[in-house]
Amino acid sequence: MIYIKEKPYKMAGRMFHINDSIVSLGGTNSNQVEFGGSDFPIIAGPCTIESKEQMLECAMAVKNSGAKVLRGGAFKPRTSPYDFQGLGEEGLEYLSLAKEKTGLPTVSEIMDSSQLEMFSDVDILQVGAKNMQNFSLLKSLAKSNKPILLKHSFGTTVEEFLLAAEYILAYGNPNVILCERGIRTFEKETRFSLDIGIVPLLRELTHLPVIVDPSHATGRSDLVMPVAKAAAVSGAQGIMVEVHNNSKCALCDGAQALSYKAFEFLTEEIKKLMPFRHEPLNPFLGEISE
Ligand code: PEP
Ligand code: MN
2 MIYIKEKPYK MAGRMFHIND SIVSLGGTNS NQVEFGGSDF PIIAGPCTIE
52 SKEQMLECAM AVKNSGAKVL RGGAFKPRTS PYDFQGLGEE GLEYLSLAKE
102 KTGLPTVSEI MDSSQLEMFS DVDILQVGAK NMQNFSLLKS LAKSNKPILL
152 KHSFGTTVEE FLLAAEYILA YGNPNVILCE RGIRTFEKET RFSLDIGIVP
202 LLRELTHLPV IVDPSHATGR SDLVMPVAKA AAVSGAQGIM VEVHNNSKCA
252 LCDGAQALSY KAFEFLTEEI KKLMPFRHEP LNPFLGEISE
């Protein structure tokens, strides 16, 4: 007898929603972006917005190399309270200026629902790994009509990740993009451990767009390119990459930042891989057993 295994995530799963969901960002013509369709949008920018000049320069550089969405952290969830916490609202103003200058839509991490008004000009609200199971935040963001970029917390299972997405869907916002960025294991050479198998697995289990963040996954600029390439051919529908003009002086995550030149090279290499992208053949492949 063939039966379909029940999953606790009813709205995020493929069971009642077989076809891939597409999360579209408004914008006119050339700046329109779709996650989950045939495109492979690249999100790029600095980990942290450090100054107006840095943000604007980096925005132009990544746009010229083909980035489709601009990232920049204004509120940083740092492990230590003594580390740079981001420029806050001032940073978001620089991100808006960069958006105006480049025409690119933006993404930035929101840490608390009280910040929603400040994020009115940000196109995608990012929920960071450390907040993936902040259920009250997920519920409040579900009330906003903006796309949510939900990052996989480093201490949770795929099922817990999809249940976090389920919160956003169940509370009213269908526009969720999932971002795999590695989990914590005993390995210390890389910042986190990226199980690349999770990418095609997620594509089977969910209709939501899946992207990969090779920067936080590895924590090392030399590993960003090969991991980004692996993501592209394993079924990811985009990547998010950190870029800095002078990574040695970066206020946050310098070791994993790509230079402008390295980012340009990465986008060229990724283009070559587009014919080899993995697509799940049968959405129920992993769900049907005898
Ligand atoms: C980030 O993307 O800025 C970030 C902090 O990543 P993560 O939440 O995955 O650690
Ligand atoms: Mn970072």
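Residues in the sequence shown are numbered from 2 upward in steps of one, following our numbering.
Every residue gets a Cβ at the ideal spot worked out from N, C-alpha and C, and that includes glycine.
For this session: Verify the contact flag: ALA237, CB atom, against every heavy atom of the ligand PEP, threshold strictly below 6 Å.
Result: On the sequence shown, position 236 is the one that residue 237 refers to. ALA237: no, Cβ never under 6 Å from the ligand PEP.
Exercise. Which ranges does the alpha helix (DSSP H) cover as unbroken runs of at least 4 residues, wholly within the region 144-182, from first to last along the chain?
Worked result: 159-171
For this session: Assuming VAL70 contacts PRO148 (C-beta within less than 8 Å), just tell me the rounded distance between them.
Result: Residue numbering aside, residue 70 sits at position 69 when the sequence shown is read from its first letter. Residue numbering aside, residue 148 sits at position 147 when the sequence shown is read from its first letter. Between PRO148 and VAL70 the Cβ distance is about 10 Å, and since that is not below 8 Å, they are no contact.
Exercise. DSSP on LEU282, reduced to helix/strand/coil?
Worked result: Residue mapping note: residue 282 aligns to position 281 of the sequence shown, counting from 1. Here LEU282 sits in coil by DSSP.
Problem set entry | MET275 burial status per 10 Å Cβ neighbour count (16 or more: buried) | Within the sequence shown, numbered from 1, the residue matching residue 275 stands at position 274. Under this definition MET275 is an exposed residue.
Problem set entry | Span separating the alpha-carbon of GLY173 from that of SER222 | Residue numbering aside, residue 173 sits at position 172 when the sequence shown is read from its first letter. Residue numbering aside, residue 222 sits at position 221 when the sequence shown is read from its first letter. Straight-line Cα distance between these residues: approximately 38 Å.
Exercise. If you draw a straight line from the C-alpha of THR186 to the C-alpha of ALA237, how long is it?
Worked result: Translated into the one-based positions of the sequence shown, residue 186 becomes position 185. Translated into the one-based positions of the sequence shown, residue 237 becomes position 236. The alpha-carbon atoms of THR186 and ALA237 are separated by roughly 22 Å.
Exercise. Just curious, the alpha helix (DSSP H) that GLY46 is in, first and last residue?
Worked result: Within the sequence shown, the letter at position 45 stands for residue 46. Premise fails: GLY46 lies in the beta strand (DSSP E), 43-46, not in any alpha helix (DSSP H).
For this session: Pick out whichever of LEU209, PHE155, PRO82 and LYS53 has its Cα sitting closest to the Cα of THR219.
Result: Translated into positions along the sequence shown, residue 219 becomes position 218. It is PHE155 whose Cα lies nearest to the Cα of THR219.
For this session: Tell me whether TYR4 sits in a helix, a strand or coil according to DSSP, three-state version.
Result: Residue 4 sits at position 3 when you count from the first residue of the sequence shown. Because TYR4 sits at a pLDDT of 49, beneath the cut-off of 50, its placement in the model cannot be relied upon, and the following sentence gives the value as read from the coordinates. Note: TYR4 maps to strand in three-state DSSP.
Problem set entry | Host beta strand (DSSP E) of ILE212 (start-end) | Counting from one through the sequence shown, the residue named residue 212 turns up at place 211. Segment 211-213, the beta strand (DSSP E) holding ILE212.
Exercise. Is the beta carbon of PRO47 less than 7 Å from the beta carbon of HIS245?
Worked result: In the sequence shown, counting from the first residue as 1, residue 47 sits at position 46. In the sequence shown, counting from the first residue as 1, residue 245 sits at position 244. Yes, the pair counts as a contact, with Cβ atoms nearer than the cut-off.
Exercise. Can you round the beta-carbon distance between LEU179 and ALA166 to whole angstroms, since I take them to be within the 8 Å contact cut?
Worked result: Counting from 1 along the sequence shown, the entry for residue 179 is found at position 178. Counting from 1 along the sequence shown, the entry for residue 166 is found at position 165. About 6 Å separates the two Cβ atoms, so the contact holds.
Problem set entry | Helix, strand or coil at ILE199 according to DSSP, with G and I counted as helix | As a working note, residue 199 is residue 198 in the sequence shown. Correct three-state label for ILE199: helix.
Exercise. In whole angstroms, what separates the C-alpha of ILE199 from that of GLU7?
Worked result: Locating residue 199 in the sequence shown gives position 198, where the first residue counts as 1. Locating residue 7 in the sequence shown gives position 6, where the first residue counts as 1. ILE199 and GLU7: Cα-Cα distance of roughly 19 Å.
Exercise. Does the pairing of the region 124-138 with the region 89-97 give three or more beta-carbon distances under 8 Å?
Worked result: no
Exercise. What is the rounded straight-line gap between the Cα of MET2 and the Cα of ILE240?
Worked result: As a first step, residue 2 is located in the sequence shown; it is residue number 1 there, counting from the start. As a first step, residue 240 is located in the sequence shown; it is residue number 239 there, counting from the start. With a pLDDT of only 42 at MET2, under 50, the local geometry of the prediction cannot be trusted, and the value read off the model is given with reservation. C-alpha separation (whole angstroms): 40 Å.
Exercise. Using DSSP with H/G/I as helix, E/B as strand and the rest coil, what is THR103?
Worked result: Along the sequence shown, one-based indexing puts residue 103 at 102. Three-state result, THR103: helix.
Exercise. By Cβ distance, which residues of its chain are closer than 8 Å to LYS144, with the 5 residues on each side in sequence left out?
Worked result: Locating residue 144 in the sequence shown gives position 143, counting from the first residue. Excluding residues within five positions, the ones whose Cβ falls inside 8 Å are TYR172, GLY173 and ASN174.
Problem set entry | Contiguous alpha helix (DSSP H) assignments of at least 4 residues, all confined to the region 226-281 | 261-274
Exercise. Taking the C-alpha atoms as reference points, what is the distance between MET56 and PHE264?
Worked result: Here residue 56 refers to the residue found at position 55 when the sequence shown is read from its first residue. Here residue 264 refers to the residue found at position 263 when the sequence shown is read from its first residue. Answer to the nearest angstrom: the Cα atoms are 16 Å apart.
Exercise. Counting along the chain, where does the alpha helix (DSSP H) carrying GLU190 start and finish?
Worked result: Against the sequence shown, residue 190 aligns to sequence position 189. Looking at the DSSP string, GLU190 is not in any alpha helix (DSSP H), and its letter there is neither H nor E.
Exercise. Looking only at its own chain, which residues have a Cβ that is under 6 Å from the Cβ of ILE111, when we skip the five neighbours before and after it?
Worked result: Translated into the one-based positions of the sequence shown, residue 111 becomes position 110. Closer than 6 Å at the Cβ level, and outside the excluded window around ILE111, lie PHE120 and LEU126.
For this session: Please indicate yes or no: does the CB of ALA256 lie closer than 6 Å to some heavy atom of the ligand PEP?
Result: Walking along the sequence shown from the start, residue 256 turns up at place 255. The answer is no for ALA256.
Problem set entry | Span of the beta strand (DSSP E) around LEU71 | By one-based count along the sequence shown, residue 71 stands at place 70. Per DSSP, LEU71 belongs to the beta strand (DSSP E) from 70-72.
Exercise. What's the call for SER115, buried or exposed, on a 16-neighbour Cβ count within 10 Å?
Worked result: Here the question's residue 115 lines up with position 114 in the sequence shown. Its Cβ having fewer than 16 others within 10 Å, SER115 is exposed.
Exercise. In three-state terms, what does DSSP make of LEU88?
Worked result: By one-based count along the sequence shown, residue 88 stands at place 87. Three-state DSSP puts LEU88 in coil, outside helix and strand.
Exercise. Using the beta-carbon count (16 or more within 10 Å), is LYS152 buried or exposed?
Worked result: Taking the sequence shown and counting its residues from 1, the one referred to as residue 152 is at position 151. Buried.
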